[in-house]
Amino acid sequence: MNYVKQLDREGQQRPFLFSYRRCPFAIRARMALITCEIDFDIYEISLKDKPKQMLELSPKGTVPVFIYNEMVLDESLDIMNWAKEQKKNTLIEINPADEGLVKKIIEANDGEFKNKLDLYKYTSNKDITLKIKYRKDCEIYIKSLNEKLETQEYLLSNKFGYLDIAIFPFIRQFFNVDLKWFESNPYKSLKNWVERISDSELFNQSMQKPDS
Numbered sequence: 065m066n067y068v069k070q071l072d073r074e075g076q077q078r079p080f081l082f083s084y085r086r087c088p089f090a091i092r093a094r095m096a097l098i099t100c101e102i103d104f105d106i107y108e109i110s111l112k113d114k115p116k117q118m119l120e121l122s123p124k125g126t127v128p129v130f131i132y133n134e135m136v137l138d139e140s141l142d143i144m145n146w147a148k149e150q151k152k153n154t155l156i157e158i159n160p161a162d163e164g165l166v167k168k169i170i171e172a173n174d175g176e177f178k179n180k181l182d183l184y185k186y187t188s189n190k191d192i193t194l195k196i197k198y199r200k201d202c203e204i205y206i207k208s209l210n211e212k213l214e215t216q217e218y219l220l221s222n223k224f225g226y227l228d229i230a231i232f233p234f235i236r237q238f239f240n241v242d243l244k245w246f247e248s249n250p251y252k253s254l255k256n257w258v259e260r261i262s263d264s265e266l267f268n269q270s271m272q273k274p275d276s
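One gets our numbering by counting positions in the sequence shown from 1 and adding 64 to each.
Here it is as structure tokens:
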């Protein structure tokens, strides 16, 4: 992962990623690319001043946007799946028997849970009653993940994999809304899972800052 100042469409030889460091969708894309040992250039966008090149390639204006040769992928799961196909890596491969469950959990995460998470995150702390309501709404999904992790280290088994990469950035974002609550919350297995991945070399590499 190599930070660059701009996209050179004429001379760009390597895969290129428009990204925003804290965006959970971009985090999952970066983690997948790094896991699959894809050597890529990355540009950190400003949400207030999105690059014209990025908007021309993907008018919806969200990150991540991945470019390689003439291919443009602007959905994080598409980037994960592309990376998975480039280099067979047992960490990110999905057992065919698990495909249905993986799809179901990710759809719940990217749909209803993410909507509730945004409400929880962006509601002012001054409206604490409403904020707690939105947190409790999120806990329906959180509880289901915690139950899985009570009997295994990761979401599908005792082995870190595709589903953990896809889900982790969003659960991390949920807990980061209120770190004091994170320390005392009842979802201990999920808390341990978040801390284990947060401490990993993979995550720390994916969160490298542009100026580091």
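Just so it is clear, CB atoms sit at the ideal spot from N, CA and C, and this is done for glycine as well.
C-alpha gap between D162 and A147, whole angstroms: 19 Å
Integer-rounded CB distance, given that I109 should sit under 8 Å from P115: 6 Å
Where Q274 falls, given that 16 or more other Cβ within 10 Å makes a residue buried: Checking the sequence, you will find Pro at residue 274 rather than Gln. When all chains shown are included, P274 counts as exposed.
Coil, strand or helix - M135 by DSSP: strand
Contiguous alpha helix (DSSP H) assignments of at least 4 residues, all confined to the region 221-246: 226-240
Residue range of the unbroken alpha helix (DSSP H) whose run includes Y107: That residue, Y107, is in no alpha helix (DSSP H); its beta strand (DSSP E) goes 105-108.
Span of the beta strand (DSSP E) around L81: 80-83
Terminal residues of the alpha helix (DSSP H) in which D161 lies: According to the sequence provided, residue 161 is Ala. The question's Asp does not apply to it. From DSSP, A161 is part of no alpha helix (DSSP H); its letter is neither H nor E.
Cutoff 6 Å; reference R94; Cβ partners in own chain excluding five residues on either side: S270
Sequence-distant residues of its chain with Cβ nearer than 6 Å to Q216 (five each side left out): N222
DSSP three-state assignment for N66, whether helix, strand or coil: strand
Where D182 sits in the DSSP three-state scheme: helix
Extent of the continuous alpha helix (DSSP H) run through M271: No alpha helix (DSSP H) holds M271; DSSP gives it neither H nor E.
Proximity below 8 Å, CB of M144 to CB of I229: yes
Proximity winner among Q77, V258, C202, relative to F232 (alpha-carbon distances): V258
Cutoff 6 Å; reference F267; Cβ partners in own chain excluding five residues on either side: I261
Alpha helix (DSSP H) segments (min. 4 residues) lying fully within the region 189-224: 192-213
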